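**Q**
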Amino acid sequence: MAFELPPLPYPTDALMPHISETTISFHYGKHHAAYVKNLNDLVAGTEFAGKSLEDVITSSDGKIFNNAAQIWNHTFYWKGMKPGGGGAPTGPLAEALTTAFGSVDEFLKTFAAEAKAAFGSGWTWLVKSDAGLAITTTANADLPMKHGQTALLTIDVWEHAYYLDYQNLRPSYVDAFLEHLVNWDFVAANLG
Ligand code: FE2
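The numbering of the sequence shown is numbering that gives the first Met the number 0, which starts it at 0 and goes up by one.
Here it is as structure tokens:
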């Protein structure tokens with residue numbers, strides 16, 4: 000069974016004005032879709048054909064890993080946003096963030112600073128591991144699954160995620176993501 004592009008959880012214009020319909024159309028309809036097509040082309044006739052996406056990610060490297068991980072990363076990124084999201088979480092998630100970072104506010108500040116400072120293309124994450132909650136940044140397609148961590152939230156800091164809307168102003172995109180878009184219900188569900 001071929002890998003498929005998962006449906007976007009909302010219409011392409013749902014995150015406006017913070018992320019434009021044009022950005023979502025290209026990011027989902029071109030970039031995310033291309034990773035799916037590339038992976039299907041790359042695994043045809045190999046040991047990876049027919050494996051789950053997670054199995055491919057944990058057992059591959061090179062081009063196959065890059066495309067498989069980027070499919071997973073983008074699907075996770077879309078789910079981590081919603082129209083009317085952002086602000087601050089409540090309940091057990093807020094308690095867990097306070098335990099790990101001192102306060103929810105301190106978490107938001109640190110996450111924003113990491114995402115703004117990440118060098119080049121990559122992803123900034125909130126992750127859970129045996130050591131508790133942490134913020135981490137991965138380069139290119141790399142992801143927490145490859146490092147024994149569970150992803151709770153991510154922001155795509157590749158330029159294709161924000162350049163049409165914010166040009167070089169990545170900090171404005173990061174602030175909009177945290178203030179208006181984060182789907183805290185999704186993050187709380189990942190915390191378990
Ligand atoms: Fe992306």
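Don't be surprised by glycine CBs; every beta carbon is placed ideally from N, CA and C. In this text the structure is predicted, and so the values were computed from the model without any measurement.
1) If you measure from the CB of residue 159, is any heavy atom of the ligand FE2 nearer than 7 Å?
2) Output the distance between the C-alpha atoms of residue 55 and residue 67, rounded to the nearest integer angstrom.
3) Tell me the rounded alpha-carbon separation between residue 85 and residue 179.
4) Does any heavy atom of the ligand FE2 sit closer than 7 Å to the C-beta of residue 30?
5) What residue ranges within the stretch 84 to 123 form continuous alpha helix (DSSP H) runs of no fewer than 4 residues, ordered along the chain?
6) Rounding to the nearest angstrom, what Cα-Cα distance links residue 2 and residue 115 in this structure?
7) Rounded to the nearest angstrom, what separates residue 150 and residue 31 at their Cα positions?
8) Buried or exposed: residue 166, going by 16 or more other Cβ atoms within 10 Å of its Cβ?
9) Which one of 90, 104, 20 has the shortest CA to CA distance from residue 190?
10) Any heavy atom of the ligand FE2 inside 7 Å of the beta-carbon of residue 155?
11) Is it true that the CB of residue 92 sits closer than 8 Å to the CB of residue 63?
12) Quick check: the Cα distance between residue 188 and residue 23, rounded to an integer number of angstroms?
13) Just list the alpha helix (DSSP H) runs in the stretch 28 to 74, keeping only unbroken ones of 4 residues or longer that don't cross its boundaries, in chain order.
14) For the ligand FE2, any of its heavy atoms closer than 7 Å to the Cβ of residue 17?
15) What residue does the alpha helix (DSSP H) around residue 22 start on, and which one ends it?
16) Report the three-state DSSP secondary structure of residue 156 (helix, strand or coil).
17) Is DSSP giving residue 15 helix, strand or coil here?
18) Checking the sheet assignment: what are the DSSP bridge partners for residue 127?
**A** Quick answer:
1) yes
2) 7 Å
3) 4 Å
4) Yes, the ligand FE2 has a heavy atom inside 7 Å of this Cβ.
5) 90 to 100, 103 to 116
6) 32 Å
7) The C-alpha of residue 150 lies about 19 Å from the C-alpha of residue 31.
8) exposed
9) 90
10) yes
11) no
12) 24 Å
13) Under the rule that a run must span 4 or more residues, the alpha helix (DSSP H) segments found entirely inside the stretch 28 to 74 read 32 to 42, 52 to 58.
14) no
15) 20 to 25
16) coil
17) In this structure, residue 15 counts as coil in the three-state DSSP scheme.
18) 132, 149
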